[in-house]
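Here is the structure we will look at, set down as structure tokens.
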Amino acid sequence: GGDAIFNFRIIADLDHGAKVEGSKKPLFHSILREGVLVRSVAGSEGGSPRYSVSWGQEHQLYSAHNEAGRGMELSELVNYNGRIYTFDDRTGIIFEVEDAAGASPMAVPRNIVMEGDGNTDKGMKIEWATVKDGLMYLGSMGKEYTRPDGSVANTNNLWVVTVDRDGVVTHHDYKDQYAKLRSVAGAGWPGYLIHEAIAWSEALRRWVILPRRVSEEAYDEELDEKKGSNMVMLADEGFEQIKLFRVGQITPERGFSSFKFLPHTNDQVIVALKSEENAAAGTEASYIMVFDLNGKVLMDETEIPGLHKYEGIEFV
177 GGDAIFNFRI
187 IADLDHGAKV
197 EGSKKPLFHS
207 ILREGVLVRS
217 VAGSEGGSPR
227 YSVSWGQEHQ
237 LYSAHNEAGR
247 GMELSELVNY
257 NGRIYTFDDR
267 TGIIFEVEDA
277 AGASPMAVPR
287 NIVMEGDGNT
297 DKGMKIEWAT
307 VKDGLMYLGS
317 MGKEYTRPDG
327 SVANTNNLWV
337 VTVDRDGVVT
347 HHDYKDQYAK
357 LRSVAGAGWP
367 GYLIHEAIAW
377 SEALRRWVIL
387 PRRVSEEAYD
397 EELDEKKGSN
407 MVMLADEGFE
417 QIKLFRVGQI
427 TPERGFSSFK
437 FLPHTNDQVI
447 VALKSEENAA
457 AGTEASYIMV
467 FDLNGKVLMD
477 ETEIPGLHKY
487 EGIEFV
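To convert, note that position 30 of the sequence shown is 206 in this note's numbering; the numbers rise steadily by one, no gaps.
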């Protein structure tokens, strides 16, 4: 057959740069970028397909909503019931991206989720999202919030939220599930994993987890930037049986920020984003790669132009 073409979108978390400078009233923005992934069948029979990526327009998404002067720091893009959603990891707002595949996309707030058990005054730091059995699942980084001396301030980031099609929000304590992942990764307390890329595979009935950071030692803000991982974990529904493998190189500064299964591959092929940030230098970059669940890299990490931190990808 000929080439297969997959249209997708990626969304940026601009952190402090999300604030629109010079705006009279506080205004915040993100970038929704068009991309195309092409799978071309190699010349020889039975050869591996080759993947290549090209980039289209950048669309600006705006909102005035913010928490304490931060907003539109968007993580993740998810298709739920045919609509595309994105999530602000500052305010906990769930936005629907209207016309996500079209010429003039727009972010419309649909819901707001608070962290922990929900009875808190802080927006949920939503870092990953997926759809399982008709519900949207939203998760945070899966690590306790620690004070500088290493003691635990709270465990709000160990909670997971489900949202149903009517927008009803339910909070679930996932500390045991996260602890099992840590233990398999050899990162038990005070070590940690930081998550931005977890998705449920309907085809495999498995959770697929691409940790952003893996550390055997206690959290340290500067060292954390070099704990990037190339680990992939597959867990059954109850997180009882967990399989771990590695894919591609480790570049210590780069960690997974989002992924989706390539359509029509029975969830065997993953298209993943990695991002890196150097707080001291104030620089960021993102990469896209393709690999299969046997750990074979099908497209090497390819830098995404524009030097932003992209934290969500979805096919449209």
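We put the CB at the ideal spot given by N, CA and C, even for glycine.
Specify the secondary structure class of residue i as computed by DSSP and reduced to three states.
i, result
"Asp-468", "strand"
"Tyr-395", "coil"
"Arg-341", "coil"
"His-348", "strand"
"Val-360", "helix"
"Gly-193", "helix"
"Ala-355", "helix"
"Asn-255", "strand"
"Glu-249", "coil"
"Ile-480", "coil"
"Glu-291", "coil"
"Leu-438", "coil"
"Leu-448", "According to the sequence displayed, residue 448 carries Ala and not Leu. Ala-448: strand per DSSP, three-state reduction."
How would you label residue i, buried or exposed, when you count the other beta carbons within 10 angstroms and need 16 or more for buried?
i, result
"Phe-421", "exposed"
"Asn-454", "exposed"
"Lys-472", "exposed"
"Ser-199", "exposed"
"Pro-387", "buried"
"Val-344", "exposed"
"Leu-332", "Checking the displayed sequence, the identity of residue 332 turns out to be Asn instead of Leu. Flag for Asn-332 reads buried."
"Ser-451", "buried"
"His-371", "buried"
"Lys-419", "exposed"
"His-484", "buried"
"Ala-461", "buried"
"Arg-323", "exposed"
"Val-118", "There is simply no residue 118 to check, as the chain begins at 177 and stops at 492 in what is shown."
"Ser-280", "exposed"
"Gly-315", "buried"
"Gly-254", "At residue 254 the sequence reads Val, which differs from the Gly that was named. The residue in question, Val-254, is buried, as its Cβ has 16 or more Cβ neighbours within 10 Å."
"Ser-405", "buried"
Rounded to whole angstroms, what is the Cα-Cα separation between residue i and residue j?
i, j, result
"Arg-266", "Trp-383", "25 Å"
"Gln-417", "Pro-366", "23 Å"
"Gly-223", "Leu-469", "18 Å"
"Met-248", "Ser-239", "7 Å"
"His-192", "Glu-413", "37 Å"
"Glu-252", "Gly-178", "31 Å"
"Ile-446", "His-205", "28 Å"
"Trp-434", "Leu-449", "The question names Trp, but residue 434 in the sequence shown is Ser. Near 5 Å, if we compare the C-alpha coordinates of Leu-449 and Ser-434."
"Ala-180", "Ser-391", "38 Å"
"Lys-308", "Leu-410", "15 Å"
"Trp-335", "Leu-208", "28 Å"
"Ser-377", "Thr-262", "19 Å"
"Ile-385", "Tyr-395", "20 Å"
"Lys-157", "Ala-361", "With the chain covering 177 to 492 only, the question about residue 157 has no answer from this structure."
"Gly-232", "Val-328", "44 Å"
"Lys-436", "Ile-464", "11 Å"
"Asn-442", "Asn-257", "19 Å"
"Thr-478", "Ile-426", "14 Å"
"Ala-363", "Leu-369", "7 Å"
"Gly-493", "Arg-185", "Outside the modelled stretch of the chain, which goes from 177 to 492, sits residue 493, for which no answer is possible."
"Leu-380", "Asp-189", "30 Å"
"Phe-182", "Gly-326", "45 Å"
"His-347", "Ser-216", "43 Å"
Using DSSP's beta-bridge definition, name the partner residues of residue i.
i, result
"Pro-285", "Phe-271"
"Glu-234", "Arg-209"
"Arg-215", "Ala-180, Tyr-227"
"Asp-264", "Leu-250"
"Leu-203", "Paired residues: none, contrary to the question."
"Gly-488", "Ile-187"
"Asn-454", "Thr-459"
"Ser-280", "In the DSSP output, where bridge partners are listed per residue, Ser-280 has none listed."
(message) Restricting to runs no shorter than 4 residues, where is the alpha helix (DSSP H) found entirely within the region 367-433?
(response) 397-400
(request) With a floor of 3 residues, list each beta strand (DSSP E) that falls wholly inside the region 296-339, ordered by position along the chain. (result) 304-308, 311-315, 328-330, 335-339
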